[in-house]
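In my numbering, the protein residues as written are 18 to 176.
Where a beta carbon is used, it is the ideal one built from N, C-alpha and C, also for glycine.
Structure record follows, encoded as structure tokens.
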Amino acid sequence: MKKIDSFTVNHLTLLPGVYVSRKDHAGDETLTTFDIRMTRPNFEPVMNTAEVHTIEHLGATFLRNHSEYGDKTVYFGPMGCRTGFYLILAGDYESRDIVDLLMDLFAFMRDFKDEVPGACARDCGNYLDMNLPMANYLAKKFYDEVLLHISEERLQYPE
């Protein structure tokens, strides 16, 4: 079997950042998949499921309610390795195009103090696995250390 593209990225040199993972086409529409890498793979500890789950609920809620990107948001969810998230947007984008959106998203998650949207037995299959304080912390860390002064090396996959 052919190795899929995401397994060809050198995870030994990959830094936290915002990367275009792939571009697909559905009819006339381009779908851009972003790799939002929050921790350094194989170097930093991975995120625990509770904070990943919380970020997923907050992120999906924010993005699907966004005035500009709400109708363009196809998917927001965690990577199986728990080092980041995938965001799929309808449209042909580059990493730099969504930095402002991500700054708003991560500021929202950093500052969120209410009940996590959808965190109840009726709305979620594992509602008890949530950790809002840790999600706030990780959002702040990514905002401060990556997004605030993002460099080109954190917008393009390493060779």
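Non-local C-beta neighbours of residue 73 in its own chain, meaning closer than 8 Å and more than five positions away in sequence, comprise 93, 94, 95, 102, ordered along the chain.
Under the DSSP definition of a beta bridge, residue 100 lacks any partner.
By the neighbour-count criterion, in which 16 or more other beta carbons inside 10 Å mark a residue as buried, residue 45 falls on the exposed side. The Cβ neighbour count for residue 176, taken over all protein chains shown within 10 Å, is under 16; the residue is labelled exposed. Note: residue 50 is bridge-paired with 39, 105 in the DSSP secondary-structure output. Beyond the five residues adjoining it in sequence on each side, residue 123 comes within less than 7 Å, by CB distance, of 156, 159, 160, 164 in the same chain, given in chain order.
Taking 8 Å as the upper bound for CB-CB distance, residue 53 and residue 35 are in contact here, some 6 Å apart.
Cβ-Cβ separation between residue 66 and residue 146: approximately 6 Å, consistent with a contact (criterion under 8 Å).
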